[in-house]
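Protein chains in written order, with the working numbering: chain A, 540 to 872; chain B, 2 to 518.
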């Protein structure tokens, strides 16, 4: 038998120079940022008092809770999952943190406790989704309900006021003019960016979301990855819950009701695909800021609340339509 | 055949580009009334793209389409249907839970005052089925029918909608011999009624039997059209077609160096798995390439998956280098030193949205990280090393794997396995759907890996390939290994006899429809 190797002059051995559509390529990376800049320019032009340091700080503070929820949500959605329970986890962890702090637990431990409660709630979600192979939508829809019930039952249905809360700073304090919740938010984003881009776990998240069967056959512990993503989402919701409690100086069982929708909207606006496997964490931050700027601008413009809802809803649908258009364009290329 | 008549369908100067890939380059082609026109070529040669253009699924970048001499624009599948062009896809387009009659009526359900008129619908269905000579009960759910029968229903639908040009994309891929014969009879009768048929197939025998003309594609170009009915000096031989398809002589393609066969590395004894697999027993020595052949469904992939831990074995033992291998999942298989290239690249191996670097390194990130944090430098160096070995340009590192050709995508998966430095490498259909250039690269790599002393098990449905690259062949049939052959002395005929269980002198085989290609 001949051992000669055939010459490799075949042109397809050479990979193409780039992905072809440069517009699509750049839109994927900076498009959402341009949308934000345009929105800011627009609001500066038409909304009174929009363009001021005070208002910017205001927007940043109001964005922080949603942005933190959305960071956790991004990791889950990257695996092609969804976490509808983040609002309820926020409440349980927020109430838990206040209860710990008001029962003599030192402030740092109370904070860690709140985050741990969030992570634990996420772990239950993740275990059911990974090991029992239940659909994430159904599991987290269930926990959205039972965790809300849990938050009420922890306080017999009544809010608990705690004006001298040890960690009230993370809700209302500032460092060098920057509100503490904004600093916490930035820390969360840097940590999540590091996890996704610089660790083995991060690569595994993208792999599981991109092709779960290929991930399994490539020797990735898919169940552990899924469990971890829901724990991260729960932990992020825990952080958000502590900030919420600190801002209102109380434990509120109704906290975070409906917040999951804004978080999902921020993720999708930020360019992460609901089909999993594609997206960037800082896109989500931009998405959350867009929602914040939009709400703030509409308030400054005195747009009635119900019209605000209509506008926000339409913006979210447009974002999802763009996502599916992008997916369609990819699948035919 | 009337050579001077206006063709039913004529395309001219069609080009289509996807991103950086030119899928079709200046293709001109026609189908006449009353002919079967076969299209041949490797996967990715451009056949499917052309078919999607004439059936209105894609729009060409340049070029024109004429239907019976009149320019036509196929903006959607509906336009194509109206123009009389229908396509029967390899994956059938039926709705399994609906009855045959409902499937036949989709889009034009008979109704009275907006209420579905079932009786008329069934009667119409009977009529449509009769036109293609199919004896099928229209009230049965279509999902209960065999693939061949479902295909008949689809053809009946196309004929009922007055298709003049019918495209059949690998129609016999999952048909039994008898079903194939029925289909051929129907194709001939449609031809004799003046329809134009485009027949896409990889099976030379079928093309030989059916086609009036054959057009060969390679790398997005139309290489040539041959009149199969011509005699004398213009006579076409199978060798001509193969040469047109691959663009070179086949004998240079396969690579097999005689490596000194080492110790037994993989030893499988009485291995059984779900679905009637096994018991199978065999050994693979270091430095040896063992080919596993058999018909589709013979259990080759299943055995590979049991060894890797992708599925759980129900009994038997597997040992690697003398120590027992008890794997319950791929994580353990990988850790034990087994590498698997899965059967389906897109569904089971690739991360299309991720970069070349991520795809190659995905199974070996642990070696390149400290406490879970990736070490960028060493990781990139390792990936670059493998890319050199694979002859993939290293500036492709950051490209999404989606942008690569099938052959390069397969090389990424191989690269991932190379980084694992497996003791046992199992390759399930390593060259399926890759171009000829990448094929020869893959053969070279398989040979190199064996040269390092690894045990290599290659599952292949491409018999010349299996014969050309293996040292030893294991032939499987119905979940068992029925023969072990010396690949240097075996012929395609002997392999097929074992694979089908029918010797050449016996009566016509009944099971060759699923024949390995």
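The C-beta atom is built at its ideal place from N, Cα and C for all residues, glycine as well.
Q: Give the straight-line distance between the Cα atoms of residue 133 (chain B) and residue 749 (chain A), rounded to the nearest whole angstrom.
A: 43 Å
Q. Per the contact definition of three or more C-beta pairs closer than 8 Å, is the region 191-204 of chain B in contact with the region 30-46 of chain B?
A. yes
Q: Can you tell me which of A:801, A:860 and A:853 puts its alpha carbon nearest to the alpha carbon of residue 831 (chain A)?
A: A:801
Q.
Taking 8 Å as the threshold (beta carbon to beta carbon), is residue 756 (chain A) in contact with chain B?
A. yes
Q: Quick one: residues in its chain with C-beta nearer than 7 Å to the C-beta of residue 123 (chain B), no 5 flanking neighbours on either side, listed in chain order?
A: 102, 139 and 140
**Q.** residue 358 (chain B) - containing beta strand (DSSP E), residue span
**A.** No beta strand (DSSP E) holds residue 358 (chain B); the alpha helix (DSSP H) holding it covers 357-362.
Q | Contacts around residue 821 (chain A), its chain only, beta-carbon distance under 6 Å, and the 5 residues preceding and following it disregarded | A | none
(Q) Between which residues of its own chain and residue 556 (chain A) is the CB-CB distance below 7 Å, once the five residues before and five after are set aside? (A) Residue confidence for residue 556 (chain A) is low, a pLDDT of 39 falling below 50, so the modelled location carries little weight; the figure read from the coordinates is stated next. If we look at residue 556 (chain A) and ignore the five residues flanking it on each side, it has no Cβ neighbours.
(Q) So, with DSSP's three-state summary, where would you put residue 623 (chain A)? (A) Coil, per DSSP.
Q. Using a C-beta cutoff of 8 Å, does residue 500 (chain B) count as contacting chain A?
A. It does not; no Cβ of chain A falls within 8 Å.
(Q) Just to confirm my understanding: we take residue 609 (chain A), look at its own chain, exclude 5 residues before and 5 after, and list those with CB closer than 6 Å. What are they? (A) 802, 805, 806, 823 and 827
Q: Kindly indicate which residue of B:208, B:221 and B:220 has the alpha-carbon position closest to the one of residue 227 (chain B).
A: Selected option, being the one with the closest Cα: B:208.
Q: Kindly indicate which three-state DSSP category residue 490 (chain B) falls into: helix, strand or coil?
A: coil
Q) What do you reckon, are the CB atoms on residue 270 (chain B) and residue 317 (chain B) nearer than 8 Å? A) Yes.
Q. Cα separation between residue 159 (chain B) and residue 90 (chain B)?
A. 12 Å
Q: In angstroms with no decimal places, state the Cα-to-Cα distance between residue 736 (chain A) and residue 488 (chain B).
A: Residue 736 (chain A) and residue 488 (chain B) have their C-alpha atoms some 48 Å from each other.
Q | As assigned by DSSP and simplified to three states, the class of residue 440 (chain B) | A | Secondary structure at residue 440 (chain B): helix, using DSSP grouped into helix, strand and coil.
Q: Kindly identify the DSSP beta-bridge partner or partners of residue 19 (chain B).
A: B:22
Q. Any C-beta of chain A sitting closer than 8 Å to the C-beta of residue 367 (chain B)?
A. yes
Q: Name the one or two DSSP bridge partners that residue 283 (chain B) has.
A: B:269
Q: List the endpoints of the continuous beta strand (DSSP E) containing residue 121 (chain B).
A: Where residue 121 (chain B) is concerned, there is no enclosing beta strand (DSSP E), although the alpha helix (DSSP H) it sits in stretches over 119-132.
Q. Taking Cβ positions, are residue 459 (chain B) and residue 431 (chain B) nearer each other than 8 Å?
A. yes
Q. Is it true that the region 399-414 of chain B meets the region 364-377 of chain B, where meeting means three or more beta-carbon pairs spaced less than 8 Å apart?
A. no
Q | the region 679-694 of chain A touching the region 643-654 of chain A, judged by at least three CB pairs closer than 8 Å | A | no
Q: With DSSP as the reference, please indicate the residues paired to residue 53 (chain B) in a beta bridge.
A: DSSP lists no partner for residue 53 (chain B).
Q) For a contact meaning CB atoms closer than 8 Å, what does residue 738 (chain A) contact in chain B? A) 370, 373, 374 and 375
Q | residue 267 (chain B) beta carbon less than 8 Å from that of residue 241 (chain B) | A | no
Q. Are at least three pairs of beta-carbons, each pair with one atom in the region 848-865 of chain A and one in the region 625-635 of chain A, less than 8 Å apart?
A. no
(Q) Tell me the rounded alpha-carbon separation between residue 647 (chain A) and residue 304 (chain B). (A) Using only the alpha carbons, I get a separation of about 55 Å.
Q: Determine the direct distance from the alpha carbon of residue 10 (chain B) to that of residue 56 (chain B), and round the result to whole angstroms.
A: 11 Å
Q: Tell me, please, whether the CB atom of residue 819 (chain A) is closer than 8 Å to any CB atom in chain B?
A: no
Q: Count the other C-beta atoms from every protein chain shown that fall within 10 angstroms of the C-beta of residue 365 (chain B), then say buried if there are 16 or more, exposed otherwise.
A: buried
Q) In terms of residue numbering, what span does the beta strand (DSSP E) encompassing residue 256 (chain B) cover? A) Premise fails: residue 256 (chain B) is in no beta strand (DSSP E) and is neither H nor E.
(Q) Between the alpha carbons of residue 72 (chain B) and residue 85 (chain B), how many angstroms are there, rounded? (A) Going by the C-alpha atoms only, they are around 14 Å apart.
Q: Please go through the same chain and pick out, in chain order, the residues whose beta-carbon is closer than 7 Å to the beta-carbon of residue 195 (chain B), but skip the five residues on each side of it.
A: Within the same chain, 34 and 35 come within 7 Å of residue 195 (chain B) by CB-CB distance, once the 5 residues on both sides are set aside.
Q: Give the residues of chain B in contact with residue 915 (chain A), contact being defined as C-beta atoms less than 8 Å apart.
A: With chain A covering 540 to 872 only, the question about residue 915 (chain A) has no answer from this structure.
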